[in-house]
Structures are given as structure tokens and as C-alpha cells.
């Protein structure tokens, strides 16, 4: 089923052998796209 508004979901995302040191105040963003990116990119106007 699709995620519902107002609900909290927990996901485990395997990032393989990547690493990064996040210093205090740093932020990260997760963008989820289809496997056909960039042909079908997200709509940033919503």
C-alpha cells in the first residue's frame, strides 16, 4: 500500500560502500526517483 499522510514510516536504505563525515550542522537530503531517471524526473513545481 502507499504511504499515508500524517503517518511515520521507517525505511532501511543500503548505501553500499559509501562514506561521509557529517559535521555538526550539516544536513542531508534524500531524493527518490524511478529507475528511469533522468527520463522521468521528479516534478519540482509541487
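In the numbering used here, the protein residues as written are 346 to 391.
We put the beta carbon where it would ideally sit given N, CA and C, even for glycine.
Just so it is clear, the structure is predicted and the values come from calculations on it, not from any experiment.
Would you report the Cα separation of residue i and residue j, rounded to the nearest angstrom?
{"i": "residue 359", "j": "residue 365", "result": "14 Å"}
{"i": "residue 377", "j": "residue 350", "result": "17 Å"}
{"i": "residue 373", "j": "residue 363", "result": "14 Å"}
{"i": "residue 384", "j": "residue 390", "result": "17 Å"}
{"i": "residue 361", "j": "residue 371", "result": "21 Å"}
{"i": "residue 352", "j": "residue 346", "result": "13 Å"}
Are residue i and residue j close, meaning C-beta to C-beta below 7 Å?
{"i": "residue 356", "j": "residue 348", "result": "no"}
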